[in-house]
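Enquirer: What follows is a single structure, and I will ask about it in a moment.
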Amino acid sequence: MHERLSFYVHRDSPLHRLNPLTKLTMVFAFILLSFGSPWYWTPHILIVLVILPLSFIGRVQREYLLTAARLIFPAAGFLFLMQSLFQPIGQTVWFRWWVLEVTHEAVAFAFVNAARIIVMVSSFTLLLLTTHPSELMSDLTRRGLPSQFAYVIISTLQIIPQMQAKAQTIIAAQRSRGLDTQSSFVKRVGALVPLVGPLVFGSLVEVEERAIAIEARGFTSSHAKTSLREIPDSRFDQILRGALIVSVLLAFVSRLWLS
Amino acid sequence: MAIVTLQNVTYKYPLTEAPVLQNVNLQVNEGEFVAVIGPNGAGKSTLCYTLAGFVPHFFKGELTGIVEVAGVETHQSSLNEWVLNVGLAFQNPFNQISGAKYTVFEEIAFGLENIGVPRGEMKPRVEKALALTGISDLADRSPYSLSGGQQQRVALTSILVMEPKVLVLDEPTSQMDPIGTREVFGVIRTMAERGMTVVLAEHKVEWIAAFADRVVALKDGQVLLDGKPGEVLTSPLLEEAGFGISRYTSTARKAKEMGLWKKDQLPVTLEEAVEGFRS
Amino acid sequence: MNIIIRDLRFTYPTGLEALRGISLTIAPGEQVAIVGQNGAGKTTLVKHLNGLLQPTQGSVHIGDWDTRQHPVSKLAVRVGYVFQNPDEQLFSQNVGMEVAFGPKNLGYPAEKVDALVKDALALTELSEKTETNPYDLSSTWRKMVALASIISMDTDIVILDEPTTGQDAVNVRRIAHVIAALRERGKTVITITHDIDFCAENFERVIAMSQGQILLDGPANEVLGQEEILATTYVDPPQLTRLGLRLGLKETVRNQEEFLTAIRK
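Protein chains in written order, with our numbering: chain Y, -18 to 240; chain S, 18 to 296; chain V, 60 to 324.
Quick look at the structure:
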């Protein structure tokens, strides 16, 4: 039984209450700033002074820090290591070993790139943690995103755990018929056929029946769609979005100015 | 007044050789509750898809004859207009979950959002529908976390909430527990009394006898019998043709041979059987 | 082969307490039907019989085997389990190969596999369809293929989860015929069902479950006559039992023969 089908953590916080589009704007603003700002330390400052505090404001610091520790920082660390070692740039050599050459410039480049990756993944993580997927999609649909597109995204998010559950049932049925799926690698590979067959057939039936079911509920109706959820879009949201866009523009203008 | 009219309807799926429906004639009046019975493969599901417009609009294939609902002929309409008049729920509840919603409440509202019902109207309509089918307590659950029987109630509610003129149901209670089934038949009866026209394909003869106005027996794509439950469900033709009949009827028939059932008419419901055996 | 369940409790990882203290003994060759409302824990219970689920507390023994000490694929020698939806297990090119899959997994020699397959196909009236692809059959017949593919494993215990769902009268009779044949062979048959008339006509012992516990357990006539208790788990007595109750018959009846005998008195 999967009650939890997305990253979303249901809590009440100022970040949860923001309009989804504001949060989406925030995500893209942070990414653009970290890549586009002329100032080297921008992504690092964003991580420490904006993203980390935001996770506390959104009351999802525990979930965020866990994801960061398990996924985001290890990935960024790996990227940092690879770029430091293999980036063939710079003259200020710190040390040299075999074919490897570590230069000051490469390390600096890797350090900012790793930070940019952290900004990118972290801001998306915060968005997903504090925004209900239906809310995000209905807000975007209301603003003109085609509803078919929104449907594909949402149903895909839900279908992954459903496919897992279905695969579990099929494995259970085949194990009940004496199929050994646990002892050796060869047996596991051999067990794929009796698993994949029913999964594929089931999916074909499912696609057809689901198409009928949503069609029967007026999915392609020519009426303008409405939304059950009322998604607040406050004055503060609008100002915040404006400010974010202005700051991105400023960053790009100053970059052009300086170059 | 007839709201559903089928005249000489014959239909063949694109990939099959033989027609699944053959020369079917059927009229259903407004507010009537018609049950369709028949062995598997008799064409019950295809008949449901035809009434709901998915034959021919979705499945393609060759449809001849006239299919008319609420004064509109199927060939002259498109599926997205047709479904506003005719609602469909079918057997597999899992595949009827939209996948786009995270709670039962949102799931029920999905259809209303699609046809542009204003938000203010939506909430009370969903709440009313949930109460009607007895699943108000499931409103905040994920539709995927429910049992098959509960999911079937959600599928039914999702269609009821749209208030179609004609409700088409294909074995909507197959995974429900016995009293749950009886309750849902009661809900369907209520809808018919409020003026909704219902066509229901089912095997559960006891509840058909107790709740439906009329029974159509389908065999090999053709209408074998069409009439009041008491006539159709007691016809000797049914058992010969492999239909399920209620134990009240089969037992009274046997009792009649033994001289233990005195009436001419055989019973189809518990009440009729009680009354007949008492006299 | 005995089934012994001692104070079985099971809680799903989500925290849902599905079984709350089940103790049960089923003797070899018994025919048991399990009834009860949606979500009563019926499927959770039978999934413990072949080790698909392990007790959170208590124990399940199949003969001298504790289910915790044997993998599902080994328990399959003793317990066959027919899942509700045949489409979640059928994968072979033809019916014959599908039905042979189980006995082959159990490591039986080729001649024995052939004999078992032939017998299972005959019993389920599928002999003519041996070479057909299961997916070219109607869902009614696919259900029979799933049934045959477990019968061919020749286990002492056979579990059926909702065998009559969505089936027409002819096929329900076919399934009843298979269960009768298994009874004659001395097999234990355990069936979960919502079809209470089918239950009354084919099973000698009935267990009614509610909210993870056993509500009633005993000979079919005793259990099926308890109209008020059954109602608490959303089950009606069988049609003829209700008729008998309404007519004030002294004993509880559950099939045509019993009813006619009682009414003659």
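We treat Cβ as the ideally placed atom computed from N, Cα and C, and that holds for glycine.
What are the partner residues of V:Gln90, as DSSP defines its beta bridges?
Expert: As a working note, residue 90 of chain V is residue 31 in the third sequence. BP columns for V:Gln90 point to V:Val248.
Enquirer: State buried or exposed for V:Ile218, treating a residue as buried only when at least 16 other CB atoms are found within 10 Å of its CB.
Expert: Position 159 of the third sequence, counting from 1, holds the residue named residue 218 of chain V. V:Ile218 is buried by the Cβ-count criterion.
Enquirer: Buried or exposed: which applies to S:Val45, given that a residue is buried once 16 or more other Cβ atoms fall within 10 Å of its Cβ?
Expert: Position 28 of the second sequence holds residue 45 of chain S. Buried.
Enquirer: Is S:Thr150 closer than 9 Å to S:Leu177 when the C-beta atoms are compared?
Expert: For the purposes of this step, residue 177 of chain S is taken as the residue at position 160 of the second sequence. For the purposes of this step, residue 150 of chain S is taken as the residue at position 133 of the second sequence. Yes, the pair counts as a contact, with Cβ atoms nearer than the cut-off.
Enquirer: Using a Cβ-Cβ cut-off of 9 Å, state whether Y:Val177 counts as contacting chain V.
Expert: Reading the first sequence from its first residue, position 196 is the one you call residue 177 of chain Y. It does: the Cβ of Y:Val177 has a partner Cβ on chain V nearer than 9 Å.
Enquirer: Nearest to S:Ala12 by CA position, among S:Leu241, S:Thr207 and S:Asp237, is which residue?
Expert: Because residue 12 of chain S is not part of the residues shown, which for chain S are 18 to 296, the question remains open.
Enquirer: Shorter than 9 Å from the beta carbon of Y:Pro142 to some beta carbon of chain S?
Expert: Taking the first residue of the first sequence as 1, we reach residue 142 of chain Y at position 161. Output row for Y:Pro142: interface = yes.
Enquirer: Under 9 Å between C-beta atoms, does V:Pro130 make it to chain Y?
Expert: Position 71 of the third sequence, counted from the start, is the residue given in the question as residue 130 of chain V. With 9 Å as the cut-off, V:Pro130 counts as an interface residue toward chain Y.
Enquirer: Are the C-beta of S:Leu101 and some C-beta of chain Y separated by less than 9 Å?
Expert: Walking along the second sequence from the start, residue 101 of chain S turns up at place 84. Yes - at least one Cβ of chain Y is within 9 Å of the one on S:Leu101.
Enquirer: Beta carbon of V:His253, beta carbon of S:Gln192: below 9 Å?
Expert: For the purposes of this step, residue 253 of chain V is taken as the residue at position 194 of the third sequence. For the purposes of this step, residue 192 of chain S is taken as the residue at position 175 of the second sequence. Against a cut-off of 9 Å, the Cβ pair of S:Gln192 and V:His253 comes out as a contact.
Enquirer: Rounded to whole angstroms, what's the CA-CA distance from Y:Phe105 to S:Ala59? Just pull it up for me.
Expert: Within the first sequence, numbered from 1, the residue matching residue 105 of chain Y stands at position 124. Within the second sequence, numbered from 1, the residue matching residue 59 of chain S stands at position 42. A straight-line Cα-Cα distance of about 53 Å links Y:Phe105 and S:Ala59.
Enquirer: Out of V:Glu184, V:Asp227 and V:Asp195, point me to the one whose CA is closest to V:Leu206's CA.
Expert: Along the third sequence, read from residue 1 onward, the residue named residue 206 of chain V stands at position 147. Considering only alpha carbons, the answer is V:Glu184.
Enquirer: May I have the straight-line CA-CA distance separating V:Phe262 from S:Glu49, to the nearest angstrom?
Expert: What you label residue 262 of chain V is simply residue 203 of the third sequence in a count that begins at 1. What you label residue 49 of chain S is simply residue 32 of the second sequence in a count that begins at 1. Roughly 39 Å separates the two Cα atoms.
Enquirer: At a Cβ cut of 8 Å, what residues of the segment 164 to 182 of chain S count as close to chain Y, listed as they run along the chain?
Expert: Ala172, Ser175, Ile176 and Met179
Enquirer: Please state if the CB of V:Lys106 and the CB of Y:Ala131 are separated by a distance shorter than 9 Å.
Expert: On the first sequence, residue 131 of chain Y is found 150 positions in, with the first residue counted as 1. On the third sequence, residue 106 of chain V is found 47 positions in, with the first residue counted as 1. No, these two residues do not count as a Cβ contact at 9 Å.
Enquirer: For Y:His85, tell me which candidate among Y:Trp79, Y:Val102 and Y:Phe67 has the shortest Cα-Cα distance.
Expert: For this step, residue 85 of chain Y is matched to residue 104 along the first sequence. That would be Y:Phe67, whose Cα lies nearest to the Cα of Y:His85.
Enquirer: Assign S:Glu144 to one of three DSSP states: helix, strand, or coil.
Expert: Counting from one through the second sequence, the residue named residue 144 of chain S turns up at place 127. Three-state DSSP puts S:Glu144 in a helix.
Enquirer: Spell out whether any CB of chain S is found under 9 Å from the CB atom of Y:Leu46.
Expert: Within the first sequence, residue 46 of chain Y is the residue found at index 65, counting from 1. So no, Y:Leu46 is outside the interface.
Enquirer: Apart from the five residues on each side of it in sequence, which residues of its chain come closer than 7 Å, Cβ to Cβ, to S:Gln24?
Expert: By 1-based counting over the second sequence, the position of residue 24 of chain S is 7. So the qualifying residues of the chain are Asn42, Gly82 and Ile83.
Enquirer: Can you tell which of V:Arg264, V:Ser151 and V:Val141 has the C-alpha that lies nearest to the C-alpha of V:Thr223?
Expert: Here residue 223 of chain V corresponds to residue number 164 of the third sequence, with the count starting at 1. Looking at the Cα atoms, V:Val141 is the closest of the given residues.
Enquirer: Are the beta-carbon atoms belonging to Y:Gly183 and V:Asp146 less than 9 Å from one another?
Expert: Working through the first sequence from its first residue, we reach residue 183 of chain Y at position 202. Working through the third sequence from its first residue, we reach residue 146 of chain V at position 87. Cβ distance < 9 Å, so Y:Gly183 and V:Asp146 count as in contact.
Enquirer: Assuming contact is defined by CB atoms lying nearer than 9 Å, are S:Lys118 and Y:Ser115 in contact in what I supplied?
Expert: Sequence index remark: in the second sequence, residue 118 of chain S carries index 101 (1-based). Sequence index remark: in the first sequence, residue 115 of chain Y carries index 134 (1-based). In this structure, Y:Ser115 lies closer than 9 Å to S:Lys118 by Cβ.
Enquirer: Listing by chain order, which chain S residues have their CB less than 8 Å from the CB of Y:Leu109?
Expert: Walking along the first sequence from the start, residue 109 of chain Y turns up at place 128. Listed along the chain, the chain S residues whose CB falls inside 8 Å of the CB of Y:Leu109 amount to none; the nearest CB is some 14 Å away.
Enquirer: Touch check for the segment 214 to 234 of chain Y and the segment 115 to 134 of chain S: three-plus C-beta pairs under 8 Å?
Expert: no
Enquirer: Reducing DSSP to helix, strand and coil, say where Y:Ser15 ends up.
Expert: Mapped onto the first sequence, residue 15 of chain Y falls at position 34. If DSSP states are grouped into helix, strand and coil, Y:Ser15 belongs with the helices.
Enquirer: Could you tell me whether the Cβ of S:Ile205 comes closer than 9 Å to any Cβ of chain Y?
Expert: The sequence position of residue 205 of chain S within the second sequence is 188, counting from 1. By this cut-off, S:Ile205 is not an interface position.
Enquirer: Within the 9 Å Cβ cut-off, does S:His92 reach chain V?
Expert: By 1-based counting over the second sequence, the position of residue 92 of chain S is 75. So, not an interface residue.
Enquirer: Would you tell me roughly how many angstroms separate the C-alpha atoms of Y:Arg198 and S:Gly104, rounded to the nearest one?
Expert: For the purposes of this step, residue 198 of chain Y is identified with residue 217 of the first sequence, where counting begins at 1. For the purposes of this step, residue 104 of chain S is identified with residue 87 of the second sequence, where counting begins at 1. Y:Arg198 and S:Gly104: Cα-Cα distance of roughly 8 Å.
Enquirer: By alpha-carbon positions, which one of S:Thr22, S:Glu188, S:Arg270 and S:Gln239 ends up nearest to S:Glu90?
Expert: Indexing the second sequence from 1 puts residue 90 of chain S at position 73. The candidate whose alpha carbon is nearest that of S:Glu90 is S:Thr22.
Enquirer: Taking the C-alpha atoms as reference points, what is the distance between Y:Leu107 and S:Val134?
Expert: Within the first sequence, residue 107 of chain Y is the residue found at index 126, counting from 1. Within the second sequence, residue 134 of chain S is the residue found at index 117, counting from 1. If you take the alpha carbons of Y:Leu107 and S:Val134, they lie about 33 Å apart.
Enquirer: Just confirm the distance between the C-beta atoms of V:Gly284 and V:Arg264, as a whole number of angstroms; I'd bet it's less than 8 Å.
Expert: One-based indexing of the third sequence puts residue 284 of chain V at position 225. One-based indexing of the third sequence puts residue 264 of chain V at position 205. Not really, about 14 Å apart at Cβ, beyond 8 Å.
Enquirer: What does V:Leu165 reach in chain Y if we use C-beta pairs closer than 8 Å?
Expert: To locate residue 165 of chain V, count along the third sequence from 1; it is residue 106. Within chain Y, the residues Gly159 have their CB atoms less than 8 Å from the CB of V:Leu165, given in chain order.
Enquirer: Between Y:Glu(-16) and Y:Thr23, what straight-line distance do the alpha-carbon atoms span, to the nearest angstrom?
Expert: Here residue -16 of chain Y corresponds to residue number 3 of the first sequence, with the count starting at 1. Here residue 23 of chain Y corresponds to residue number 42 of the first sequence, with the count starting at 1. Low local confidence applies: a pLDDT of 44 at Y:Glu(-16) is under 50, so the model's placement there is unreliable, and no value is given.
Enquirer: Please state the DSSP three-state secondary structure of S:Glu248.
Expert: Taking the second sequence and counting its residues from 1, the one referred to as residue 248 of chain S is at position 231. Three-state DSSP puts S:Glu248 in a helix.
Enquirer: Per DSSP, V:His120 forms a beta bridge with which residues?
Expert: One-based indexing of the third sequence puts residue 120 of chain V at position 61. According to DSSP, which records beta bridges pairwise, V:His120 is partnered with V:Ile63 and V:Asp125.
Enquirer: Buried or exposed: which applies to Y:Ile141, given that a residue is buried once 16 or more other Cβ atoms fall within 10 Å of its Cβ?
Expert: The residue you call residue 141 of chain Y lines up with position 160 of the first sequence. Exposed, by the Cβ-count rule.
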